[in-house]
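Asks: Just so you know, the protein sequences line up as chains C and D, in that order. For reference, each letter of the first sequence is one residue, going 2 to 469 in the working numbering. For reference, each letter of the second sequence is one residue, going 1281 to 1654 in the working numbering.
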Amino acid sequence: MANGADLPDSIDTLVIGGGNAALCAAISARRGGASVLVLEAAPEFYRGGNTRHTRNMRCAHDSATAFLTGPYTEEEFWQDLLRVTGGETDEDLARHMIAESKDMLDWIGQQGVRFQPSLGGTLSLGRTNSFFLGGGRAMLKSLYRTAEALGVRVAYEAEVVGLDIEDGVFRAARVRRGERTVSIGARTLIAAAGGFEANTEWLRDSWGPAADNFLIRGTPYNRGTVLRLLLDAGAMPVGDPTQCHAVAIDARAPRFDGGIITRLDCVVFGVVVNANAERFYDEGEDVWPKRYAIWGRLIAAQPGQIAYIVFDAKSLGLFMPSLFPPVQANDLGSLAAKLGLDPSRFQATLAGFNAAIRDGTFDHTVLDDCRTEGLDPPKSHWARRIDTPPFYAYPVRPGITFTYLGVRVDRNARIRMQDGRPSPNMFAAGEIMAGNVLGRGYAAGIGMTIGSVFGRIAGREAARHGRN
Amino acid sequence: MGETEMKAGAALEEAGRIMTICNSCRYCEGLCAVFPAMERHTTFDAGTLAHLASLCHGCGACLDDCQFAPPHEFAVNVPRTMAAARRESYAAHAWPRGTGIAFLHGGRITAAVMLASIAAFLLVLAPAMSGTRGVLAAPGAFYRLMSHQMMVAVFGLAFVYAVFAIAAGVRRFWRAGGAARAIGRTTIAVALNDAARLRYLDGGGAGCPDTQDAPRDHRKIYHHLVFYGFGLCFAATTVATLFHYVLGREAPYPFLSLPVLLGTAGGVGLVIGAPGLLFEKLRRKRDFADAAGRPLDLAFVLSLFLVGLTGLALLALRATPWAAVLLCLHLGVVLGFFLTMPYGKFVHGIWRFAALLRHAAEGQTGAAESDAAT
Ligand SMILES: Cc1cc2nc3c(=O)[nH]c(=O)nc-3n(C[C@H](O)[C@H](O)[C@H](O)COP(=O)(O)OP(=O)(O)OC[C@H]3O[C@@H](n4cnc5c(N)ncnc54)[C@H](O)[C@@H]3O)c2cc1C
Ligand code: HEM
Ligand code: SF4
Ligand code: SF4
C-alpha cells in the first residue's frame, strides 16, 4: 500500500468501470487466474452506471428456454443487426459476438444472475430477450457478489483520471481517491468505463448548442474520461460522435439518471408537433419496438430540441404509463396555450391532420389500415382523428441512452492502435467499444450483449496475457 | 366507494406516488404479487393502494433491486411505504369508527389493555386463590378459581367481539378495494396456499434479502412457527371445549391428552417464533421498516410470546404453589390478546388473507404488457 491509499500499487488486471462489461471482465479474468482490481468512479449505490437501468439482454439461442419463448438463431440476430444499423457494423466482429452470445445466458446464469421466469404467462417473456429478475440492479448485485467471492477487489469513488501508455503498452493508471491522486500499475488493462453521454461539453463538440437540451437517461458518471485518454494515447477510434441511442423522454425528467420511467410510448397513438406546432415525421411508420429508438434523434433535429406528443381521450390508457401526468385541456386551443404553442397554428395542424384521415379498423397491435391521405409527412398506421376531449400532450426531449463513438477492438477485445496493430495489453468492452458493432440504430438488449460478450472475452484474454 | 370511502393519508399518498413510478418501470414484476397486481391499474385510489399494501410482504427485495431507491432523487422505497400504508389503512377502516386511533398510538393501548386485564384477574381471583394454596393439578381445579360458565362467558364474549370487529373492518377494506371477481373454490385454494406458505415472503425466490446482500429466509421460518403455533393453541382450546361439553372431562388435562399436546406444541411455536421474529426485526436494515409502526409490531409479538410463555409455565408449574398466579397471568394475557386483536397488528393476517384472495380472484390475466424495448 505504498501509494498511501487503500489501494494496491500494482495488480495483474486493472478493470476500469463498474457496470456489466467491467464485472463480466473482472470475473472472467479472475477465473483465468489473474488478480483483479475494479475501479468504479461512482459511489457504491450508483455503481454500475447504465447497467443499473437495464432490464434485459439479447442472445442467440436455438430453442425455447424457461425464460425465452422460442428460438432466435444466429442468422436472425445478424439480420436484425444488419437492418437496424443499415450495414454500419463490422460484420466479422458482429458475427463473432452473436456466436459468443449463445453461450452467454448460461454463463451469466452461472455468475448468479437470475432471469424472470414466466409466472402464469403475463410477465414479459420474449423470444429474443431475457429479462433480469428484479432488473439491472439485481443483475449487478449478483455479479458483484460473485466477483467479490472470487477475490476480485472493488474500489468505489475511484475515478481514473490519467493513463500511462507508452507505444500502445499500458503501464499504470492515475486514480482520484478523495483529495489525492494515486498511481496503480498493472500488467493488463480492461477499459469498460462506458460512453461519454454524460459529458455535455463533448456532446456539444459534435452536436453544437443543441446538446444543452439533451437529457441523459442514465448515469452522470459516464463522462468518457477513459475513452478520451485512450484516443489521445493513440487508440484507433470507431464510430461517429453524433451517433447514439436516443429516445423520446418526458421533457420534465431530471437532467441525469431519470431511467426507464420517463420514456414515452404513445407516439403511435397521436401526432407529434414541434415548437412551431408542425408535424415532422410519420408517427405510424412501423410498430413501436422498431421505431422507439429513432425519436430521440428526430427531436434533436427540431428547433429547441423539444416536441409534443398530442392525443385525445380515445388513446388514454392504451400505452405504458410514465412518471409525469400528461398536460390536459378540454379544447385544442387551451392545450396549445398550456404548451406555449401558437394556438391557431396548432389548431390548423390538427385540423389538417384530422381532415386527411382515411378511416380503417384501428388495431394498435398490428400494422392497421388507419392512415392519412395526401398529408406530408403522412401517418401510415393508427391514424385516428384527434377530436375527443379531453385532449392530452406530453412535452418530449431527446433522452440520450449511450454514445457509440469508441475504441476499435479485434475479436479478442484487444484495443487496436492507430497504426492498425492491436495493443499487447489493453482491452475494451461495453459502451466504450459499442461502435464496433453498432454504427447506428439499436436493437433492444444489445447493449448488455456487447458488454457481457466482450467483457468475458477481454477478461479471458487479459488473464492469458498475464500468464505468458 | 360510498360509505367505505377512505381518505388517503400521507402514507397512502406516498404509496400512490411510488406505484405510479413502479408502474412505469415494472422491473420488479417477477418478484412478488404486488407488481403484477399493480399492473392492472393505471391510476391508484386509496382502496387499491390499501390492497397493494396488504399484498406486500415486506421482503425488501424490490428495495435492494431498485435503481431509484434513496439516495436517488425519486426515493422509491416500496416496503417501508407499504408498511406505513397498511397501518394507515387499518386505522381508516377500524370498527367502530374512531377506534383506528389505536393503530396510530403505537403499542401503548395494547400494553394498557393487557396490564389491566392481568390486574383484573389477579384482583378478582385473589380471594379464591388463597383457598387453593396455589396448586392447580387435579381435574376441575381451575374452576374453583373461576367457574367454567364464567370463563366461557368472559372469553366467549371477548372472542365474539373481536371476530365481529375484525370482520367489520376487513369488510370495509374489501369494499374500498372495488368490486372483486367471483371467488370460487380454486381462488380460495390458491389464496390459502399462498398464505400458508407465505409464498411472497421470499424476495422473488432468493429468500428475504433483509440485512445484507446475501438473502436469508429466517423470517419465514419464524413466522411459520408463530402462525402454526397460534393455530395449534387455538385448536387446543377448541378440543378442550369439546372435551368439556361432549366428553364431560374437566381441565386441567393430563400431559399426554390431546388438548395439552396441541397446546404445548403451539406454545413452543410461539415461544420460539415470536422472539425469532423480534430478533429478525431488530437486526433488519432500518431503511426497510416503518419506524412509526414498530411499537405496534413489538406489542403484537410480545403479546404472542406472553400467551405462549404463560401457557407453558402454567402447564409446567401447575402442581406448584405458583399455579394460581400463573393461571391469572395466562387468563389475563389471553383476554388482553382477544380484546386488542381488532386494534393491533393481528389484523394483518386477516387483511393479508383478503388481499391474497382478491389477488387470486384477479388471476394472472389482464395486465398491460411491458415490452422489451428500453
Ligand atoms: C434507462 C436505460 C435502460 C437501458 N436498458 C437496457 C436494456 O434493457 N438492455 C440493454 O442491453 N441495454 C440497456 N441499456 C443500455 C445499457 O445500459 C448499456 O449498454 C450497458 O449497461 C453498458 O454497460 P457498460 O458496462 O459498458 O457501461 P456502464 O454500465 O454504464 O458502466 C460504466 C461504468 O464506468 C464507470 N466509469 C466511468 N468513467 C470512469 C472513470 N473515469 N473511472 C472509473 N470508472 C468510470 C461508471 O461509473 C460506470 O459504472 C439501457 C440504458 C439506459 C440508460
Ligand atoms: C393470512 C395469514 C397471514 C399472512 C399472509 C401473514 C403475513 C405476515 C407477513 C408478510 C409479515 C411480515 C411483515 C413485516 O415484517 O412487516 C408478518 C408478520 C407477523 N405475523 Fe403474520 N401473517 C398471517 C397470519 C398471522 C397470524 C395468524 C399470526 C399469529 C397470530 C401472525 C403473526 C405474525 C407476527 C408475530 C409477525 C411479526 C410482526 C412484526 O414483526 O411486525 N401472522 N405476517
Ligand atoms: S421498486 Fe424500483 S425497480 Fe422495482 S418496479 Fe418500482 S421503480 Fe422499478
Ligand atoms: S413483497 Fe417484497 S418485493 Fe414485493 S413489494 Fe413487498 S418488499 Fe417489494
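For each residue, glycine too, the CB sits at the ideal point set by N, CA and C. On a predicted model such as this, the values are computed, not experimentally measured, just so you know.
1. List the endpoints of the continuous beta strand (DSSP E) containing Q303 (chain C).
2. Below 8 Å on the Cβ atoms is my guess for A1341 (chain D) versus G260 (chain C); work out the distance and round it to an integer in Å.
3. May I ask you to check if the CB of F1401 (chain D) is nearer than 8 Å to at least one heavy atom of ligand 4?
4. Taking DSSP as the reference, what is the three-state secondary structure of L8 (chain C)?
5. With burial defined as no fewer than 16 other Cβ atoms inside 10 Å of the residue's Cβ, what is the status of A1520 (chain D): buried or exposed?
6. So, do the segment 179-191 of chain C and the segment 72-83 of chain C have three or more beta carbon pairs nearer to each other than 8 Å?
7. Measuring alpha carbon to alpha carbon, tell me which residue in D:Y1508, D:P1575, D:P1532 is nearest I1552 (chain D).
8. Straight-line CA distance for R128 (chain C) to H54 (chain C)?
9. Report the partner residues of P396 (chain C) according to the DSSP bridge assignment.
10. When DSSP labels each residue in this structure, what does N355 (chain C) get in the three-state scheme?
11. Name, please, each residue of chain C whose Cβ falls closer than 7 Å to the Cβ of A1520 (chain D).
12. Mind pulling the alpha helix (DSSP H) runs of 4 or more residues that sit fully within the segment 405-441 of chain C?
13. Under a CB-based cut-off of 9 Å, is K142 (chain C) close to chain D?
14. For a test of the three-state rule: what should DSSP assign to G121 (chain C), helix, strand or coil?
15. Between D251 (chain C) and S323 (chain C), how many whole angstroms is the CB-CB distance? I'm expecting something under 8 Å.
16. With which residues is R280 (chain C) paired in a DSSP beta bridge?
17. What does DSSP give as the partner residues of P238 (chain C) in its beta bridges?
18. Say yes only if the C-beta of L1636 (chain D) is nearer than 8 Å to one or more non-hydrogen atoms of ligand 2, and no if none qualify.
19. A212 (chain C) and G400 (chain C): beta carbons closer than 9 Å?
20. Determine, using beta carbons only, whether R253 (chain C) and V269 (chain C) come nearer to each other than 9 Å.
21. When the distance is taken between beta carbons, is G1289 (chain D) closer than 9 Å to E1368 (chain D)?
22. With A173 (chain C) and I12 (chain C) assumed to form a contact (beta carbons below 8 Å), what rounded beta-carbon distance in angstroms separates them?
23. Spatial neighbours of L1611 (chain D) within its chain, please: C-beta separation below 6 Å, excluding the five flanking residues on both sides.
24. Sorted by chain position, which residues of the same chain lie with C-beta nearer than 6 Å to G442 (chain C)'s C-beta, five sequence neighbours on each side aside?
25. Here's a check: name, in chain order, each residue in its chain whose Cβ is nearer than 8 Å to the Cβ of L1335 (chain D), leaving out the five neighbours to either side.
26. Could you work out which residue in C:D364, C:H382, C:H365, C:F455 is closest to R470 (chain C) when comparing CA atoms only?
27. Helix, strand or coil for Q329 (chain C) per DSSP?
28. What residue range is occupied by the uninterrupted beta strand (DSSP E) comprising M321 (chain C)?
29. Kindly examine ligand 3 and report whether one of its heavy atoms sits closer than 8 Å to the Cβ of E1309 (chain D).
30. Could you work out which residues of chain D lie near G137 (chain C), taking near to mean beta carbons separated by less than 9 Å?
31. Distance, Cα to Cα, L120 (chain C) vs A1469 (chain D)?
32. Whose Cβ in chain D lies nearer than 7 Å to the Cβ of R53 (chain C)?
33. Among the candidates C:A278, C:L230, C:R468, whose CA atom is the shortest distance from the CA of E167 (chain C)?
34. For A1313 (chain D), is the beta carbon positioned less than 8 Å from some heavy atom of ligand 4?
35. Looking at ligand 4, does it come within less than 8 Å of A1341 (chain D), judged from the CB to the closest heavy atom?
36. Ligand 4 and Y1623 (chain D): does the residue's C-beta get closer than 8 Å to at least one heavy atom of that ligand?
Replies: Taking the coordinates as given:
1. Looking at the DSSP string, Q303 (chain C) is not in any beta strand (DSSP E), and its letter there is neither H nor E.
2. Their Cβ separation, rounded to whole angstroms, is 18 Å, which puts A1341 (chain D) and G260 (chain C) out of contact at 8 Å.
3. no
4. coil
5. buried
6. no
7. When the alpha-carbon of I1552 (chain D) is set against those of D:Y1508, D:P1575, D:P1532, the nearest one is in D:Y1508.
8. 21 Å
9. C:Y309
10. helix
11. The contacting residues do not exist; A1520 (chain D) stays about 43 Å from chain C at best.
12. Entirely contained in the segment 405-441 of chain C, not one alpha helix (DSSP H) run reaches 4 residues.
13. yes
14. Note that G121 (chain C) scores 43 on pLDDT, short of 50, meaning its location in the model is unreliable; the coordinates nonetheless yield the value given after this. Three-state result, G121 (chain C): coil.
15. That pair is a contact at about 6 Å.
16. C:V274, per the DSSP bridge assignment.
17. C:V408
18. yes
19. no
20. no
21. yes
22. In fact, because the Cβ distance is near 10 Å, the residues do not count as touching under 8 Å.
23. F1401
24. V85, T86
25. Sequence-distant Cβ neighbours of L1335 (chain D) in its own chain, meaning closer than 8 Å and more than five residues away, are C1312, A1313, V1314, A1317, Y1480, R1632, A1635, L1636, H1639.
26. What is shown of chain C runs 2 to 469, which leaves residue 470 (chain C) out entirely.
27. If DSSP states are grouped into helix, strand and coil, Q329 (chain C) belongs with the strands.
28. Neither: M321 (chain C) is in no beta strand (DSSP E) and is coded neither H nor E.
29. yes
30. Y1307, D1345, Q1347
31. Note on L120 (chain C): pLDDT 47, under 50, position unreliable in the model; the coordinate value appears next. Between the C-alpha atoms of L120 (chain C) and A1469 (chain D) there is a straight-line separation of about 18 Å.
32. Q1347
33. C:L230
34. yes
35. yes
36. no
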